[in-house]
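As you go down the protein sequences, you meet chains A and B in turn.
Numbering follows our numbering, in which position 36 of the first sequence is assigned residue number 131; successive positions increment by one, without gaps.
Numbering follows our numbering, in which position 47 of the second sequence is assigned residue number 142; successive positions increment by one, without gaps.
Glycine residues also receive a C-beta, built at the ideal position from the N, C-alpha and C atoms.
Quick caveat, the model's predicted, so the values are computed rather than measured.
Protein chains: 2
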Amino acid sequence: MKQPTGGLVERLKDNGLKLTPQRHLICQLIETLPGHPTAEDLYEQATAVMPSMSLKTVYSTLYELAGMGAIRLVNVGTGGFRVESHLEPHAHLVCRSCGQVTDVPVDPVADADLSVLEQFDFVVEQREVIFRGLCRECGLRLSGEGSGS
Amino acid sequence: MKQPTGGLVERLKDNGLKLTPQRHLICQLIETLPGHPTAEDLYEQATAVMPSMSLKTVYSTLYELAGMGAIRLVNVGTGGFRVESHLEPHAHLVCRSCGQVTDVPVDPVADADLSVLEQFDFVVEQREVIFRGLCRECGLRLSGEGSGS
DNA sequence: TGGTAACAAACAATCGTTGTAAACTAGGTG
DNA sequence: CACCTAGTTTACAACGATTGTTTGTTACCA
């Protein structure tokens with residue numbers, strides 16, 4: 096079994112989708128850009144290389160990739176979703192000031208007793224853990240502004 | 096023992112805000128409506144009683160209540176935020192088919208070792224756990240449609 | 001070579017939300 | 001009581017993110 100680490104392009108083809116230049120570029124960008132880009136981020140980067148790229152194409156391609164499980168689209172409440180290409184279970188830190196999203200390579204729910212869920216007859220397919228607060232920079236900046244002068 | 100005004104109205108007054116008829120109604124609705132209403136839900140219910148109610152007033156009041164910590168506004172990725180008047184730590188079940196949000200009275204992160212967070216210099220103020228999947232009704236409905244018994 | 005199906009582009013429309021400015025309301029003052 | 005002021009609500013326009021529609025454009029096949 097090959098681990099599709101950088102295999103977005105492969106995944107597209109495996110799922111019967113054509114590898115168009117637009118899709119190729121979007122896949123490359125997803126694998127290249129650090130952090131959790133938004134659709135808009137990808138669009139900006141894409142138009143720098145391929146000016147004719149449509150924002151609609153970015154959205155369509157993201158939904159195609161998400162539909163085949165190659166990426167995840169997460170909504171952390173900062174307006175718009177973000178592309179998650181790192182699929183192992185992990186948590187997110189979301190800064191309430193700058194909106195930055197950081198991966199925490201730990202699954203806080205892993206050891207939890209989830210037997211309570213059974214009584215809800217709810218089929219869990221995915222879970223999401225978000226820690227909201229202030230990142231280092233925003234913490235320093237805000238406390239500096241507040242007490243300074 | 097039903098509290099006629101509930102706690103939200105008190106909180107408003109304690110925070111120096113006037114208890115206008117609009118705010119009173121919104122507070123009542125929040126305490127009355129089951130589940131996790133959206134701003135739009137509240138607006139619908141409110142206009143049924145007070146037709147002049149503006150959607151903007153609903154939003155403003157919600158942000159005022161949230162600002163004083165009387166409610167929480169959670170975004171579970173179903174478009175728009177939802178009002179959470181139940182503030183104890185708990186998780187959410189979100190159905191990917193019908194969008195229904197259900198409280199799970201358990202805090203799966205409670206026992207987790209969060210010392211990893213220290214290395215990120217991130218001040219956690221709040222946490223959110225979401226289980227995504229299919230609720231009972233949607234699970235039955237979809238499997239019924241799919242396999243056609 | 002023309003036909004066809006998949007795809008991308010342009011652009012308008014939609015949804016949830018927010019900004020603006022005008023209008024209203026309650027309480028205090030003479 | 002008419003008037004002032006601060007806080008509040010309203011109508012309405014605007015906004016950012018996303019989606020629908022329509023019209024090309026492209027690759028491929030008989």
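Residue i versus chain B: which residues are under 8 Å apart at the beta carbon?
i, result
"Thr197(A)", "Phe215, Phe217"
"Val153(A)", "Within chain B, no residue comes near Val153(A); the closest Cβ sits about 19 Å away, beyond 8 Å."
In whole angstroms, what is the alpha-carbon distance linking residue i and residue j?
i, j, result
"Phe215(B)", "Gly164(B)", "26 Å"
"Lys97(B)", "Glu126(B)", "For Lys97(B), the predicted structure reports a pLDDT of 38, less than 50, and the residue's modelled location is therefore unreliable. A value from the coordinates is still provided. For Lys97(B) and Glu126(B), the distance between alpha carbons rounds to 11 Å."
"Gln117(A)", "Pro116(B)", "55 Å"
"Ala205(A)", "Leu212(B)", "16 Å"
"Leu182(B)", "Gly194(B)", "21 Å"
"Ser123(A)", "Leu112(B)", "The residue asked about is misnamed: residue 123(A) is Gln in this sequence, not Ser. For Gln123(A) and Leu112(B), the distance between alpha carbons rounds to 53 Å."
"Glu232(B)", "Gly234(A)", "44 Å"
"Thr156(B)", "Gly130(A)", "35 Å"
"Ser180(B)", "Leu150(A)", "38 Å"
"Ser210(A)", "Glu223(B)", "19 Å"
"Asn110(A)", "Gly102(A)", "12 Å"
"Tyr158(A)", "Glu159(B)", "36 Å"
"Ile166(B)", "Ile166(A)", "33 Å"
"Ser147(A)", "Val219(B)", "42 Å"
"Asp202(A)", "Phe217(B)", "17 Å"
"Thr173(A)", "Leu128(A)", "19 Å"
"Pro132(B)", "Val178(B)", "6 Å"
Who are the near neighbours of residue i in its chain, counting only those whose CB is closer than 6 Å to its CB and skipping five residues on each side?
i, result
"Val189(B)", "Val171, Val196, Ile225, Arg227"
"Gly239(A)", "none"
"Leu168(A)", "Ala161, Phe176"
For the ligand ATP, any of its heavy atoms closer than 7 Å to the Cβ of residue i?
i, result
"Thr156(B)", "Among the ligands in the structure shown, none appear at all, so the ligand ATP cannot be discussed."
Could you give the residue range of the beta strand (DSSP E) that holds residue i?
i, result
"Leu120(A)", "Counting along the chain, Leu120(A) falls outside any beta strand (DSSP E), though it belongs to the alpha helix (DSSP H) covering 116-127."
Using a Cβ-Cβ cut-off of 7 Å (strictly less than) and excluding sequence neighbours within five positions of residue i, which residues of its own chain qualify?
i, result
"Pro200(A)", "His185"
"Gln221(B)", "none"
"Leu114(B)", "Val104, Leu107, Lys108"
"Ser244(B)", "Since pLDDT at Ser244(B) reaches only 37, below the 50 mark, its modelled position is unreliable, and the value read off the structure follows with that caveat. None."
"Leu120(A)", "Ala141, Val144, Met145"
"Asp246(A)", "The structure shown does not extend to residue 246(A), since chain A spans only 96 to 244, so no value can be given for it."
"Asp208(B)", "none"
If I follow the unbroken alpha helix (DSSP H) through residue i, where does it start and stop?
i, result
"Lys108(A)", "103-109"
Mind listing the chain A neighbours of residue i? Cutoff is C-beta to C-beta under 9 Å, in chain order.
i, result
"Ile225(B)", "Gln221, Arg222, Glu223, Val224, Ile225"
"Gly194(B)", "Residues of chain A passing the Cβ test: none, with the nearest at roughly 13 Å."
"Gly234(B)", "Asp216, Phe217, Val218"
Residue i versus chain B: which residues are under 7 Å apart at the beta carbon?
i, result
"Cys230(A)", "Phe217"
"Asp206(A)", "Asp206, Ala207"
Under 8 Å Cβ to Cβ from residue i, same chain only, skipping five residues before and after it: list those, please.
i, result
"Leu229(B)", "Cys190, Arg191, Ser192, Leu237"
"Val153(A)", "Ile121, Ala134, Leu137, Tyr138, Ala141"
Give me the chain B residues within the contact set of residue i, using Cβ-Cβ distance strictly less than 9 Å, ordered along the chain.
i, result
"Asn110(A)", "The contacting residues do not exist; Asn110(A) stays about 20 Å from chain B at best."
"Val201(A)", "Ala207, Asp208, Leu209, Val211, Leu212"
"Leu285(A)", "The shown model of chain A, from 96 to 244, leaves out residue 285(A), and the question about it has no answer."
Starting from residue i, find everything on chain A with Cβ-Cβ shorter than 7 Å and list it in chain order.
i, result
"Gly172(B)", "Asn170"
Scan the region 138-226 of chain B and note each continuous alpha helix (DSSP H) run of 4 residues or more that stays entirely inside, going in chain order.
The alpha helix (DSSP H) runs lying completely inside the region 138-226 of chain B and spanning 4 residues or more are 150-162, given in chain order.
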